[in-house]
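S.K.: I'd like to ask you about the structure that follows.
Put into structure tokens, the structure is as follows:
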């Protein structure tokens, strides 16, 4: 999967400085553009967890052509906005790492269940490892899915009566109905 090009309006130097924005309405619009870019970038690079300090050094928040980068506080504010939108969840208390939902959890649940249905695995028991890392999932969008995201997506299927999760930690299994 290739990265979508950075939106053209993110090629302006002043867009890397939130405190230079003339008003809250302008920043709100730019923030939504930035949020879409973060999701697109993470999806293209299959980033499930975003380490904020590391991300500041990547093309996600650093435009080498302009020699401009998002400040850490601005990136953290953007991620807080994304938390409120349901696109990101902080891992732990330090707000140093964000879990990125480039698909909503319910969408992941649907994609996984569709794969189960299409491959005739209803009634089967699979480990979480087989779902996220198995040979059968290599060509699936959810291959390498973060275990935390996978468990939360499976919770949707459990609530809908389409799966049962049992076991603990690395030994977790799931039966699909």
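In UniProt numbering, the protein residues as written are 1 to 177. Positions of the beta carbon are idealized from the N, C-alpha and C atoms, including for glycine. Here the structure is a predicted model, which is why all the values come from computation and not from measurement.
(1) Quick check on the burial criterion: 16 or more other C-beta atoms within 10 angstroms. Buried or exposed for residue 30?
(2) Using the Cα positions of residue 167 and residue 134, report the straight-line distance between them to the nearest angstrom.
(3) Nearest CA to the CA of residue 115: which residue from 63, 131, 86 and 83?
(4) So if DSSP puts residue 176 in a beta bridge, which residue, or which two residues, is it bridged to?
(5) Please list the segments of the alpha helix (DSSP H) lying wholly inside the region 27–63, counting only runs of 4 or more residues, in order along the chain.
(6) Can you tell which of 155, 72 and 99 has its C-alpha closest to the C-alpha of residue 112?
(7) Does DSSP classify residue 68 as helix, strand or coil?
(8) Looking only at C-alpha atoms, which of 171, 102 and 136 sits nearest to residue 46?
(9) Could you tell me the distance, in whole angstroms, from the CA atom of residue 144 to the CA atom of residue 172?
(10) On a Cα-Cα basis, can you pick out the residue from 160, 43 and 55 that is closest to residue 74?
(11) Could you check if residue 153 is buried or exposed, using at least 16 other CB atoms within 10 Å of its CB as the buried criterion?
(12) So within the region 72–99, which uninterrupted alpha helix (DSSP H) runs reach at least 4 residues, ignoring any that extend past its ends?
M.R.: Judging by the given coordinates:
(1) Residue numbering aside, residue 30 sits at position 30 when the chain shown is read from its first letter. Classification of residue 30: buried, given that the 10 Å Cβ count is 16 or more.
(2) As a position in the chain shown, residue 167 is number 167, starting the count at 1. As a position in the chain shown, residue 134 is number 134, starting the count at 1. Taking the straight line joining both Cα atoms gives about 19 Å.
(3) Locating residue 115 in the chain shown gives position 115, where the first residue counts as 1. Per the Cα distances, 131.
(4) Numbered from 1 along the chain shown, position 176 holds the residue referred to as residue 176. In the DSSP output, where bridge partners are listed per residue, residue 176 has 163.
(5) 52–55
(6) What you label residue 112 is simply residue 112 of the chain shown in a count that begins at 1. The shortest Cα separation from residue 112 among 155, 72 and 99 belongs to 155.
(7) Taking the chain shown and counting its residues from 1, one reaches residue 68 at position 68. Residue 68 sits in a strand when the DSSP states are folded into three classes.
(8) Translated into positions along the chain shown, residue 46 becomes position 46. The option with the nearest alpha carbon to residue 46 is 102.
(9) Reading the chain shown from its first residue, position 144 is the one you call residue 144. Reading the chain shown from its first residue, position 172 is the one you call residue 172. Spanning the two alpha carbons is a distance of roughly 16 Å.
(10) Residue numbering aside, residue 74 sits at position 74 when the chain shown is read from its first letter. Among 160, 43 and 55, the Cα nearest to that of residue 74 belongs to 55.
(11) Walking along the chain shown from the start, residue 153 turns up at place 153. Per the 10 Å Cβ criterion, buried.
(12) 72–85
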